[in-house]
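Student:
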Amino acid sequence: MSTFMEPLAVGRVIGEVVDIFNPSVRMNVTYSTKQVANGHELMPSTIAAKPRVEIGGDDMRTAYTLIMTDPDAPSPSDPYLREHLHWMVTDIPGTTDVSFGKEIVAYESPKPVIGIHRYVFILFKQRGRQTVRPPVSRDYFNTRGFSGENGLGLPVAAVYFNAQRETAARRREGHSYTRAVWLSSRNKSLARDKASNRANKNNNWPYKEKERVSFSMDAHLKRGNMTLVGCDCQLRETPKHSSNHS
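For the sequence shown, the positions run 1 to 246 when the UniProt record's numbering is used.
Put into structure tokens, the structure is as follows:
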């Protein structure tokens, strides 16, 4: 078994959804900026909208069918609805993406309730255009049976991801991670700015570092005999008052 096929076998996609096959066409599935990889987990909020699916191949005249199913519906311990069909697009030209195909089953956002579900994308090569008929139901869908009925043969590509119910605690974990990444990026940016200020500071400046300060047009900030005037932060000498009055 090839290295590419091993994750599909470990995840029981091969066996429970499709038979062993020889992957021959590139397929990239991306939700927003997250690319689907075998066995990786995605949050339900990430997969609410349909993904971008790019198809390889050598010829635009070759048509493909994309199927997305859940073999763990309604729960992995009792998948009596296996498989539940989430999406189907036919007549996708090779070297393009699913937007060029015909959506015969609209995308249904995954909403797992119990346990960790697998969501599988399977790509088939069609015999010709307009040769695939829509299924009668989303529930009790059978990828093998559908392939046989429509003369699709074995898959040419497949990939799957995991998802489970998005609880409040899991959302907080996701937000905490996002904030930690943002703070790390912000601190690095501040460190770069500080280093740049040190490198470019004016030697005549009487203080350790230059700082750009915003003022209203009529604001004045006095420091000793120096006055900082205006929002362009220009400096001018403040004249010293004589102790003698005429």
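Even glycine gets a Cβ: it sits at the ideal position worked out from N, Cα and C. Computed from a predicted model, the values in this text were never measured in an experiment.
Tell me whether the region 138 to 148 and the region 47 to 61 touch, counting them as touching only if at least three CB pairs, one residue from each stretch, are closer than 8 Å.
Tutor: The region 138 to 148 vs the region 47 to 61: no contact.
Student: Determine the extent of the beta strand (DSSP E) in which Pro155 is found, giving its start and end residues.
Tutor: Per DSSP, Pro155 belongs to no beta strand (DSSP E) and is neither H nor E.
Student: Which of the three DSSP states, helix, strand or coil, is assigned to Ala106?
Tutor: Ala106 falls in the coil class under three-state DSSP.
Student: With a 10 Å radius around its C-beta and 16 neighbouring C-beta atoms as the bar for buried, classify Gln126 as buried or exposed.
Tutor: The residue is buried, with at least 16 neighbouring Cβ atoms inside 10 Å.
Student: Classify Gly148: buried if its beta carbon has 16 or more other beta carbons within 10 angstroms, exposed otherwise.
Tutor: Counting Cβ neighbours within 10 Å, Gly148 comes out exposed, since fewer than 16 surround it.
Student: In terms of residues, what are the limits of the alpha helix (DSSP H) holding Ile14?
Tutor: It spans 13 to 16 - the alpha helix (DSSP H) in which Ile14 sits, taken as one unbroken run.
Student: With a Cβ-Cβ cutoff of 8 Å, do Leu81 and Pro74 count as a contact?
Tutor: Yes, these two residues count as a Cβ contact at 8 Å.
Student: Touch check for the region 101 to 115 and the region 33 to 41: three-plus C-beta pairs under 8 Å?
Tutor: With a cut-off of 8 Å, the region 33 to 41 and the region 101 to 115 do not count as touching, because too few Cβ pairs lie within range.
Student: Please look up how many angstroms separate the CB atoms of Tyr160 and Leu123, rounded, as I've assumed it's under 8 Å.
Tutor: So it is not a contact: roughly 12 Å between Cβ atoms.
Student: Count the other CB atoms within 10 Å of the CB of Ser176; is the residue buried (16 or more) or exposed (fewer)?
Tutor: Caution is warranted here: a pLDDT of 47 is assigned to Ser176, below 50, making its placement in the model unreliable, and the coordinate value is therefore given only provisionally. Ser176 comes out exposed.
Student: Roughly how many angstroms lie between the CA atoms of Val18 and Arg165, to the nearest whole one?
Tutor: Distance between the alpha carbons of Val18 and Arg165 is about 26 Å.
Student: Three-state secondary structure (DSSP) at Thr131?
Tutor: Coil, per DSSP.
Student: Output the distance between the C-alpha atoms of Gln132 and Ala157, rounded to the nearest integer angstrom.
Tutor: Residue identity differs from the one stated: residue 132 is Val in this sequence, not Gln. Near 18 Å, if we compare the C-alpha coordinates of Ala157 and Val132.
Student: DSSP three-state label for Thr69, please.
Tutor: Residue state, collapsed to three classes: strand.
Student: Please confirm whether Leu152 has its beta-carbon closer than 8 Å to some beta-carbon of chain B.
Tutor: Among the protein chains of the structure shown there is no chain B, as only one such chain exists.
Student: Is the beta carbon of Gly115 sitting closer than 8 Å to the one on Asp70?
Tutor: For Gly115 and Asp70, no; Cβs fall outside 8 Å.
Student: Taking 6 Å as the limit between beta carbons, can you name the residues of its chain near Gly120, skipping five residues before and five after?
Tutor: It should be noted that the sequence gives Val, not Gly, for residue 120. Once the five neighbours on either side are set aside, the close Cβ partners of Val120 are Val13, Val17, Thr69, Tyr160.
Student: Please confirm whether residue 272 and Thr33 have their CB atoms less than 8 Å apart.
Tutor: Summary: the structure shown does not reach residue 272, with the chain confined to residues 1 through 246, and so no result is reported for it.
Student: Exposed or buried, what is Glu83 when buried is set at 16 or more other beta-carbons lying within 10 Å of its beta-carbon?
Tutor: Buried, because 16 or more other Cβ atoms sit within 10 Å of the Cβ of Glu83.
Student: Identify every residue that forms a DSSP beta bridge with Ala163.
Tutor: Ala163 pairs with His117.
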